[in-house]
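Note sheet for the following structure.
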Amino acid sequence: MVYVTRKEHFNAAHRMYREEWPDEENLKVFGKCANPNWHGHNYTLYVTVKGNVTYENAYLIDLKELKVIINSFVIEKLDHKNLNLDVEFMKGKMATTELLCMEIFNQLKEPVEAYNGVFLHSVKLAETENNYAEYFGKD
-2 MVYVTRKEHF NAAHRMYREE WPDEENLKVF GKCANPNWHG HNYTLYVTVK GNVTYENAYL
58 IDLKELKVII NSFVIEKLDH KNLNLDVEFM KGKMATTELL CMEIFNQLKE PVEAYNGVFL
118 HSVKLAETEN NYAEYFGKD
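Per this note's numbering: the sequence shown = residues -2 to 136.
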């Protein structure tokens, strides 16, 4: 089994808050991430696929194709967007790094696995250089 990872970047804004809570409660729970004027991050995305490589084909997936999939199904939908307002697959969800990571995995699973013998292993999403989430799909 071989694991191959593609790294991409996007920028997005979000706000951590619950609509049903007053601003004071949101600020108490989520701190400066509850800023009513939003805040943004320069995200780094790592997409890892896995499968078996034969000497005949020599690689698991054409990395140019993997880049096209990631850009079409994720980056174009997220880059320079407001995660709370502009991203259809995040509607009704708290815009945490953890949930965003899971939803990115869900967006990529089917198009990646359309390639024979290629499986989506994990999605790792770094919100800052110190904080990231990684998701391996449902067991």
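Idealized CB from N, CA, C, for every residue including glycine.
Q: Compute the beta-carbon to beta-carbon distance between C98 and E131, rounded to the nearest angstrom, for a pair I have assumed lies under 8 Å.
A: Residue 98 sits at position 101 when you count from the first residue of the sequence shown. Residue 131 sits at position 134 when you count from the first residue of the sequence shown. About 7 Å separates the two Cβ atoms, so the contact holds.
Q: Check K90 in the structure and name its three-state DSSP category.
A: Counting from one through the sequence shown, the residue named residue 90 turns up at place 93. Coil, per DSSP.
**Q.** Straight-line Cα distance separating Y14 from K88
**A.** The count along the sequence shown starts at 1 and reaches residue 88 at position 91. The count along the sequence shown starts at 1 and reaches residue 14 at position 17. Their Cα atoms are separated by approximately 13 Å.
Q | Close beta carbons around M67, own chain, < 8 Å, minus the five adjacent residues each side | A | Locating residue 67 in the sequence shown gives position 70, where the first residue counts as 1. Correcting the residue identity first, residue 67 is Ile in this sequence and not Met. Cβ neighbours of I67 beyond the five flanking positions: R3, E5, L42, V44, L105.
Q | Reference H118, options A111, N127, G48, E85, closest by Cα | A | Mapped onto the sequence shown, residue 118 falls at position 121. Distances from the CA of H118 to each of A111, N127, G48, E85 were compared; the closest alpha carbon is that of G48.
Q: Within 10 angstroms of the Cβ of F100, are there 16 or more other Cβ atoms? Answer buried if so, exposed if not.
A: Numbered from its first residue, the sequence shown carries residue 100 at position 103. One point to set straight first is that residue 100 is Glu, not Phe, in the sequence displayed. Taking all protein chains shown into account, E100 has 16 or more neighbouring C-beta atoms within 10 Å of its C-beta and is therefore buried.
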